[in-house]
Amino acid sequence: MKKYWTVFKMSWARELEYRFNFFLWRLRSFIGMTLLYFVWFSLTLKGKFAGFTEAELFTYVFGANILRSIIFGSQTRNIAEEINNGWFSRYLLMPINHFWFEFFRELAQRTLNFISSIFEVGIFILIAKPNFILEKNFSSLTFFFFSIILALFLYYLLSYLVSLVAFWSREAMGPRFLFEWLLEFSSGAYFPLSVFSEFLFFTLMSLPFAYLLYFPLSIYLEKMHNSELINFFALELIWIFVIAFITKYIWSKGLKRFTGEGI
Amino acid sequence: MSIIEVKNLSKTYEYYKKQPGLLASIKGLFKREKLFTDAVKNINFTIGEGELVGFLGPNGAGKTTTLKMLSGILYSSGGEALVLGHVPYKREKEYQKQFALVMGQKNQLWWDLPAMESFILNKEIYEIPDAEFKENLDELVELLEIKDILDIQVRKLSLGQRMKCELVAALLHKPKVLFLDEPTIGLDVIAQKNIRDFIKHYNKEKKTTIILTSHYMEDIKELCKRVIIIDRGQILYDGQLDDLIKKYAPYKVLNITFNDNGVKREEIEKFGNVQKYNSYAVALEVDREKVKEAATRILSSNLPVDDILIDEVDIDEVIRKIFRNTHANQPV
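Residue numbers (this note's numbering), protein chains in the order written: chain A, 1 to 263; chain B, 264 to 595.
The following block contains the structure:
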């Protein structure tokens, strides 16, 4: 376990080597949040929108910004690149588990982004003084916390799986872009998924992406009934197991094809 | 006791035919022709404890592919390999903790951080106890003289310094088997010598079993008693370097210099096969058994001999000859 903790610490140090890059990445996220804030600000001038009050929507926008910083990572992009350029070989030589090795690298990046996003949202709230909801219900907060942990795993599994395409193709970035686009749209990064018709809403809820942002945020905003909550949690767990199984299978198939080109 | 056993090991790569040109590329989107290439064909060898064996062969001969199979990066397509009693591709932890692969062209150190950070990571990865880590590190750092560069980001180091750090990272867990793939590639002559001396010393002291590939004949001459020569996936020669010379170069070279008016080619030709000729310096190939006699005859002739030297054939020359012969016999 200590080895993964060391990876975590080293990844922190590495991220801090590139402060300007980190700053730009956060700036992008801050601008995105500000834009969304003003969109919702004008849409809720006449009161509620799609069942959300102004304060709820603003909370959604801020919450999405913070959650994205914890859940959506970019470290796994390197996996595909390393498979293609042969660097990946070094992980096969050492007594480490690549899945967890990358997970802790990713986690290091996530925690840095998380700290930064808390500051961003804090500053924004101080300046714009918007209405927002501070959840105090203990059970909602517990479920919220639990759903974030699951979302973190789910995202990591999905993006790890997409990276493994590199075993078959030199062009793993194509599927990656498609994946990221699909993710932004169907995870509820821009708007709550409940704005859609019931049919589309349930379609999206039966896919894994909705559990990354929309699900935790609607728990926080108490938009879910208890019975719904249990069903959705069950569905999320099923997705995690299914994707973990597929990832394991693809991994072992991919390794047989791996040629370590470039070294 | 044999540490590495390789029996009928083979590796076939799959690839797609790629025609040049845009039109062909578009066609390739729909239909691609799959091709196979045998990178390694039924090779056999065993290596004993503490041996330092040189792998020789031109680019694409199958040297690196073999090392990749022995280190578990690649699955083999046929045959088997056992290293320290383990099947490499199973990538068992007990095996991984006992070997290391150093590649001259790729590094394992974290580029953006000082080498020391990577050493600490390796300490954790290989679960090296604190005291042992400190002892090994101090020893390696001193031998390689890199005390001053441990806290500098790897990207700022010179190639030679980086290779030294790579070696430290690979040796911290005291591997019993070490695969070195072109460890001196791209280094200047002095750095090459440093690395070479270190490998020699390390092999002698620790009895580590080492396979070394290199394009620099100096490396092989200095370090390896035994060489395995591979070409097109097949072993052409496996044996002592000295025997190789005797087998492929059954002659020695007489280097003779002349003074006064020099010599004519016809005058010297009768003593042996002329390798190099000008009026004042001649290199003659002469059968090993007859070389002394030939030298005596030349000295006692009335040729204006200034000096005469009996030399061993250059290994580069021998290797080139082997490849030339096999390529001539095999259609491309």
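The C-beta atom is built at its ideal place from N, Cα and C for all residues, glycine as well. In this text the structure is predicted, and so the values were computed from the model without any measurement.
Mind checking if S89 (chain A) is an interface residue toward chain B, Cβ cutoff 8 Å exclusive?
-> Along the first sequence, one-based indexing puts residue 89 (chain A) at 89. Output row for S89 (chain A): interface = yes.
Reference N305 (chain B); option with closest CA among B:S563, B:G311, B:G325 | If you number the second sequence from 1, residue 305 (chain B) lands on position 42. Here the closest residue by C-alpha is B:G325.
To the nearest angstrom, report how far apart I519 (chain B) and P567 (chain B) are at their CA atoms.
-> Within the second sequence, the letter at position 256 stands for residue 519 (chain B). Within the second sequence, the letter at position 304 stands for residue 567 (chain B). The alpha-carbon atoms of I519 (chain B) and P567 (chain B) are separated by roughly 10 Å.
Is K505 (chain B) buried or exposed, if buried means 16 or more other CB atoms sit within 10 Å of its CB?
-> The sequence position of residue 505 (chain B) within the second sequence is 242, counting from 1. According to the sequence provided, residue 505 (chain B) is Asp. The question's Lys does not apply to it. D505 (chain B) should be labelled exposed.
Going along the chain, which residues of its own chain have a beta-carbon closer than 7 Å to the beta-carbon of L152 (chain A), five neighbours each way excluded?
-> The sequence position of residue 152 (chain A) within the first sequence is 152, counting from 1. These residues qualify, in order along the chain: I70, I71.
Where the stretch 446-457 of chain B meets chain A: residues whose CB sits under 7 Å from a CB there = none
Closer than 8 Å, CB to CB, is M173 (chain A) near chain B or not?
-> For the purposes of this step, residue 173 (chain A) is taken as the residue at position 173 of the first sequence. By this cut-off, M173 (chain A) is not an interface position.
Taking only beta-carbon positions, decide if R264 (chain A) is within less than 8 Å of chain B.
-> One cannot answer for residue 264 (chain A) here, as it falls past the ends of chain A, which runs 1 to 263.
In chain order, what residues of the same chain have a beta carbon less than 6 Å from the beta carbon of S11 (chain A), not counting five sequence neighbours either side?
-> Mapped onto the first sequence, residue 11 (chain A) falls at position 11. Correct list, in chain order: R105, A108.
Would G76 (chain A) pass as a contact of S159 (chain A) if the rule is Cβ separation under 8 Å?
-> Taking the first sequence and counting its residues from 1, the one referred to as residue 76 (chain A) is at position 76. Taking the first sequence and counting its residues from 1, the one referred to as residue 159 (chain A) is at position 159. The sequence given here has Thr at residue 76 (chain A), not Gly. A contact, by the Cβ cut-off of 8 Å.
Tell me the DSSP bridge mates of I474 (chain B)?
-> For the purposes of this step, residue 474 (chain B) is identified with residue 211 of the second sequence, where counting begins at 1. Partner(s): B:V316, B:F442.
Is it the case that the Cβ atoms of R489 (chain B) and E314 (chain B) are separated by a distance below 8 Å?
-> Position 226 of the second sequence, counted from the first residue, corresponds to residue 489 (chain B). Position 51 of the second sequence, counted from the first residue, corresponds to residue 314 (chain B). The answer is yes: Cβ separation under 8 Å.
Determine whether the Cβ of K356 (chain B) lies closer than 8 Å to any Cβ atom of chain A.
-> Stepping through the second sequence from its first residue, residue 356 (chain B) is reached at position 93. So, interface residue.
is_contact[K284 (chain A), chain B] using C-beta, thresh 8 Å | Residue 284 (chain A) falls outside the range modelled here, since chain A spans only 1 to 263, and no answer is possible.
On the three-state DSSP scale, how would you describe P594 (chain B)?
-> Within the second sequence, numbered from 1, the residue matching residue 594 (chain B) stands at position 331. Low confidence applies to P594 (chain B): its pLDDT is 45, below 50, so where it sits in the model is not reliable enough to give any reading.
What are the boundary residues of the alpha helix (DSSP H) that M33 (chain A) is part of?
-> For the purposes of this step, residue 33 (chain A) is taken as residue 33 along the first sequence, with counting starting at 1. First-last of the alpha helix (DSSP H) with M33 (chain A): 19-43.
Report the rounded CA-to-CA distance for V595 (chain B) versus G341 (chain B), giving the unit in angstroms.
-> Start at 1 with the first residue of the second sequence, and residue 595 (chain B) comes out as number 332. Start at 1 with the first residue of the second sequence, and residue 341 (chain B) comes out as number 78. Note that V595 (chain B) has pLDDT 38, beneath the 50 cutoff, so the model's placement of it is unreliable and the number below is only indicative. Rounded to the nearest angstrom, the two C-alpha atoms are 24 Å apart.
Can you give me, in chain order, the residues of the stretch 334-349 of chain B that have a beta carbon less than 9 Å from any beta carbon in chain A?
-> Only S334, G335, I336, L337, Y338 from the stretch 334-349 of chain B bring a Cβ to less than 9 Å from some Cβ of chain A.
State yes or no: is the C-beta of L204 (chain A) within less than 8 Å of the C-beta of L193 (chain A)?
-> The residue labelled residue 204 (chain A) in the question sits at position 204 within the first sequence. The residue labelled residue 193 (chain A) in the question sits at position 193 within the first sequence. Yes.
CB N65 (chain A) to CB M94 (chain A), shorter than 8 Å?
-> Indexing the first sequence from 1 puts residue 65 (chain A) at position 65. Indexing the first sequence from 1 puts residue 94 (chain A) at position 94. Contact: no.
Nearest CA to the CA of N536 (chain B): which residue from B:K439, B:V516, B:V440, B:K555?
-> In the second sequence, counting from the first residue as 1, residue 536 (chain B) sits at position 273. Closest option to N536 (chain B), Cα to Cα, is B:V516.
Taking just the CA atoms, how far does V404 (chain B) sit from L435 (chain B)?
-> Working through the second sequence from its first residue, we reach residue 435 (chain B) at position 172. Working through the second sequence from its first residue, we reach residue 404 (chain B) at position 141. Looking at the two C-alpha atoms, the distance is approximately 11 Å.
Report yes or no: is there a C-beta of chain B within less than 8 Å of the C-beta of E17 (chain A)?
-> As a working note, residue 17 (chain A) is residue 17 in the first sequence. Interface residue, yes.
Note the first and the last residue of the continuous beta strand (DSSP E) segment covering G311 (chain B).
-> As a first step, residue 311 (chain B) is located in the second sequence; it is residue number 48 there, counting from the start. Unbroken beta strand (DSSP E) run through G311 (chain B): 297-311.
Could you please tell me which residues of the stretch 356-384 of chain B, in chain order, have their CB closer than 7 Å to any CB of chain A?
-> K356, Q359, K360, L364, M366, Q368, K369, Q371, W373, D375, L376, E380, I383, L384
What residues match up with I266 (chain B) in a beta bridge as DSSP calls it?
-> Position 3 of the second sequence, counted from the start, is the residue given in the question as residue 266 (chain B). Partner(s): none; I266 (chain B) has no beta bridge.
Hey, how far is the Cα of A253 (chain A) from the Cα of V165 (chain A)?
-> In the first sequence, the residue the question calls residue 253 (chain A) occupies position 253. In the first sequence, the residue the question calls residue 165 (chain A) occupies position 165. Before going on, a small fix: residue 253 (chain A) reads as Lys here, not Ala. Cα to Cα, K253 (chain A) sits roughly 11 Å from V165 (chain A).
DSSP bridge partner residues for V537 (chain B) (one or two, in chain order) = If you number the second sequence from 1, residue 537 (chain B) lands on position 274. DSSP, once it has assigned bridges, lists B:L547 as partnering V537 (chain B).
Under a three-way DSSP split, which group does V576 (chain B) fall into?
-> In the second sequence, residue 576 (chain B) corresponds to position 313, counting from 1. In this structure, V576 (chain B) counts as coil in the three-state DSSP scheme.
So, using beta-carbon positions, are L475 (chain B) and L430 (chain B) closer together than 8 Å?
-> Mapped onto the second sequence, residue 475 (chain B) falls at position 212. Mapped onto the second sequence, residue 430 (chain B) falls at position 167. No, the Cβ-Cβ distance between L475 (chain B) and L430 (chain B) is not below 8 Å.
Would you identify the three-state DSSP class for Q497 (chain B), choosing helix, strand or coil?
-> Here residue 497 (chain B) corresponds to residue number 234 of the second sequence, with the count starting at 1. In the structure shown, Q497 (chain B) sits in a strand (DSSP, three-state: E or B).
Hey, T300 (chain B) and T328 (chain B): beta-carbon distance below 8 Å or not?
-> The count along the second sequence starts at 1 and reaches residue 300 (chain B) at position 37. The count along the second sequence starts at 1 and reaches residue 328 (chain B) at position 65. Cβ distance not < 8 Å, so T300 (chain B) and T328 (chain B) don't count as in contact.
How many angstroms separate the CA atom of I266 (chain B) from the CA atom of Q361 (chain B)?
-> Position 3 of the second sequence, counted from the first residue, corresponds to residue 266 (chain B). Position 98 of the second sequence, counted from the first residue, corresponds to residue 361 (chain B). The straight-line gap from Cα to Cα measures roughly 11 Å.
Taking the continuous alpha helix (DSSP H) assigned at V61 (chain A), which residues delimit it?
-> The residue given as residue 61 (chain A) occupies position 61 in the first sequence. That run of the alpha helix (DSSP H) goes 54-71.
Among the residues of its own chain, which have a CB less than 7 Å from the CB of P175 (chain A), if the five just before and after it don't count?
-> Indexing the first sequence from 1 puts residue 175 (chain A) at position 175. If we look at P175 (chain A) and ignore the five residues flanking it on each side, its Cβ neighbours are V162, V165.
If you check the beta carbons only, do N374 (chain B) and V316 (chain B) fall under 8 Å apart?
-> Here residue 374 (chain B) corresponds to residue number 111 of the second sequence, with the count starting at 1. Here residue 316 (chain B) corresponds to residue number 53 of the second sequence, with the count starting at 1. Here residue 374 (chain B) turns out to be Trp, not Asn, going by the sequence shown. Cβ distance not < 8 Å, so W374 (chain B) and V316 (chain B) don't count as in contact.
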